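In my numbering, the protein residues as written are -13 to 122. Worksheet: one structure, shown below.
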Amino acid sequence: MNYDICFPGRDRICSLMKIVGPCRGRSERYFFNIRSGKCEKFMYSGCMGNENNFGTLEECEQRCKKPRPPEPDWKCLIDGYYTNPDNCSTYIACSNRKEYIMPCPKGLHFDHQRQRCERPCDAYCDKSLCNVYLKL
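Rendered as structure tokens:
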């Protein structure tokens, strides 16, 4: 799998699992949780961790958090199916100037180009949940 295709703009370090480590120390640190798409606090033991281990929330977010896309300027002016910018596992169906949030089947993301729900790595939406990394 080509990492840059599935995780554009995101560092490989950000996809590493949180490792607390086996030592007895307790240090408050932050890691990027690829499933939630957020930096989260954890207690690090002080040894045998990995690089997804940041001293501050700001450091973690600066390295790993993708900027939020701007809100679309349209509000269902044209009938059709559109990517939901807030949630790739749903899509927006526009009909008669009304917006309907529609779910994709579990584990799939909406692909605007193909007009259907696809595997996360195949869909042109948020690539942060490629199914290969869900098995970690």
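Note that the Cβ used here is the ideal one computed from N, Cα and C, for glycine as well. Quick caveat: nothing in here was measured; it's all calculated off a predicted structure.
Open item on the list: If the criterion is Cβ atoms closer than 7 angstroms, does the pair Asn36 and Ile5 meet it?
Closed with: Counting from 1 along the sequence shown, the entry for residue 36 is found at position 50. Counting from 1 along the sequence shown, the entry for residue 5 is found at position 19. Against a cut-off of 7 angstroms, the Cβ pair of Ile5 and Asn36 comes out as a contact.
Task: Whether Gly32 touches Ser13 by CB criterion (7 angstroms) - done: Sequence index remark: in the sequence shown, residue 32 carries index 46 (1-based). Sequence index remark: in the sequence shown, residue 13 carries index 27 (1-based). Yes.
- [ ] State buried or exposed for Gly106, treating a residue as buried only when at least 16 other CB atoms are found within 10 Å of its CB.
- [x] Taking the sequence shown and counting its residues from 1, the one referred to as residue 106 is at position 120. This sequence places Pro at residue 106; Gly is not what is there. Pro106 comes out buried.
TODO: Could you please give the first and the last residue of the uninterrupted alpha helix (DSSP H) stretch that includes Arg49?
DONE: Here residue 49 is taken as the residue at index 63 of the sequence shown, counted from 1. Arg49 -> alpha helix (DSSP H) spans Leu43 to Cys50.
Open item on the list: Within 10 Å of its beta-carbon, does Asn82 have 16 or more other beta-carbons around it, so buried, or fewer, so exposed?
Closed with: Position 96 of the sequence shown, counted from the start, is the residue given in the question as residue 82. Burial call: exposed.
Task: Counterpart residues of Cys80 in DSSP-defined beta bridges - done: Residue mapping note: residue 80 aligns to position 94 of the sequence shown, counting from 1. In DSSP, Cys80 forms a bridge with Gly66 and Glu85.
Task: Close Cβ partners of Lys51 (< 7 angstroms) along its chain, the five nearest in sequence each way excluded - done: Translated into positions along the sequence shown, residue 51 becomes position 65. Once the five neighbours on either side are set aside, the close Cβ partners of Lys51 are Cys25.
Open item on the list: Taking the straight line between their C-alpha atoms, what separation do you get for Leu94 and Cys103?
Closed with: Looking up residue 94 in the sequence shown gives position 108. Looking up residue 103 in the sequence shown gives position 117. About 6 angstroms.
TODO: Give a yes or no on whether the C-beta atoms belonging to Phe28 and Phe17 are separated by under 7 angstroms.
DONE: To locate residue 28, count along the sequence shown from 1; it is residue 42. To locate residue 17, count along the sequence shown from 1; it is residue 31. Less than 7 angstroms divides the Cβ of Phe28 from the Cβ of Phe17.
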